[in-house]
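Using UniProt numbering, the first residue of the sequence shown is number 1, and each one after it goes up by one.
In what follows, a single structure is set out as structure tokens and then discussed.
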Amino acid sequence: ARNVGAENAKGDILIFIDDDCIPDNNLVQSYISLFSSADPDTWCFGGKVNEKNTDMFKENESIVGGWITWYGKTLKNFVSDESGDCEWAPGGNFGVKKSKFIEVGGFDKNFIGNAMLEDGDFGYTIRENGGKIWYSPMPAIEHLRIPTGGTRSDSASKGMYFRAHNTVYFMRKHGMIKNLIPGLFYLNGVALKDLLRKKHGITAIFWCWFGFLKGLTTTLSR
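Structural data, given as structure tokens:
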């Protein structure tokens, strides 16, 4: 849907937000201002994501924006009041030059289910093609985390299938194959931790392994 929207957009700047977000009144103008004064090599800006009662978007205060570890874990600080270079922008609040979006092929549709790491992949693809990504707190949204709709999974356990598949696919695509075994340990750790927290059932472990194996065989895009 995002790729279709981008193809039909008339402007030079594409702005993406999620279906459960409330944009700041100045969001569009903030992106226009950022791109107007940016280095030509800055193809994409990520904005601030505010969400009540959670630190999900503030996992690491030592960074700004989004980063990904060598074993496939996403690191986020999308609440910082500081600006800076980053590896990826939040899928629920970012702007990108339309010409560059088309040039890199848009979003990879092989990120299935909850589409986890789709935004990380898009950021990595931009950087691999010579572009830069910059986090700025100026364009801000409030994230509501509505439980249904969009790419949300109906089953918390099956959500581990999508997470594992997309993580393995991402690592294969971006030259991290040698780190797949540590990645598997990480994914199993996530599944076990959420099991202990009663976020899902024991079947999540099997879904995790199934997703890992499926991610090994999905044909790489681009």
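No residue lacks a Cβ here, since even glycine has one placed at the ideal position from N, Cα and C.
### Task
For the alpha helix (DSSP H) holding Leu14, just list the boundary residues, first then last.
As a working mapping, residue 14 is identified with position 14 in the sequence shown. Note, Leu14: premise wrong, no alpha helix (DSSP H); beta strand (DSSP E) at 13 to 17.
### Message
Quick check for students: name the residue ranges of the beta strand (DSSP E) that lie wholly in the stretch 48 to 102, counting only runs of 3 or more.
### Response
Within the stretch 48 to 102, the complete beta strand (DSSP E) runs of at least 3 residues are 65 to 68, 74 to 77, 93 to 97.
#### Entry: Distance CB(Pro90)-CB(Asp119) smaller than 8 Å
By 1-based counting over the sequence shown, the position of residue 90 is 90. By 1-based counting over the sequence shown, the position of residue 119 is 119. Taking C-beta atoms as the reference points, Pro90 and Asp119 count as a pair closer than 8 Å.
#### Entry: Other residues of its chain near Asp121: CB distance less than 6 Å, five sequence neighbours each side excluded
The sequence position of residue 121 within the sequence shown is 121, counting from 1. Closer than 6 Å at Cβ, skipping near neighbours: Asp108, Phe170.
### N- and C-terminal bounds of the alpha helix (DSSP H) containing Ser30
One-based indexing of the sequence shown puts residue 30 at position 30. Unbroken alpha helix (DSSP H) run through Ser30: 27 to 36.
### Task
Indicate the three-state DSSP secondary structure (helix, strand or coil) for Thr217 in the structure shown.
Position 217 of the sequence shown, counted from the first residue, corresponds to residue 217. In the structure shown, the three-state DSSP call for Thr217 is helix.
### Message
Do Ile15 and Val28 have their beta-carbon atoms positioned less than 8 Å apart in this structure?
### Response
Position 28 of the sequence shown holds residue 28. Position 15 of the sequence shown holds residue 15. Inclusion of Val28 and Ile15 in the CB contact set at 8 Å is warranted, their separation being smaller than that value.
### Query
Can you round the beta-carbon distance between Val49 and Val96 to whole angstroms, since I take them to be within the 8 Å contact cut?
The residue given as residue 49 occupies position 49 in the sequence shown. The residue given as residue 96 occupies position 96 in the sequence shown. The beta carbons of Val49 and Val96 sit about 16 Å from each other, so the pair does not count as a contact at 8 Å.
### Task
Return the chain-ordered ranges of every alpha helix (DSSP H) run that is complete within the stretch 109 to 169 and spans a minimum of 4 residues.
When DSSP assignments are scanned along the stretch 109 to 169, the uninterrupted stretches of alpha helix (DSSP H) that are 4 or more residues long and fall wholly within it turn out to be 118 to 128.
### Query
Is it a yes or a no for the stretch 179 to 188 touching the stretch 129 to 143, going by three-plus beta-carbon pairs under 8 Å?
No: fewer than three Cβ pairs fall under 8 Å.
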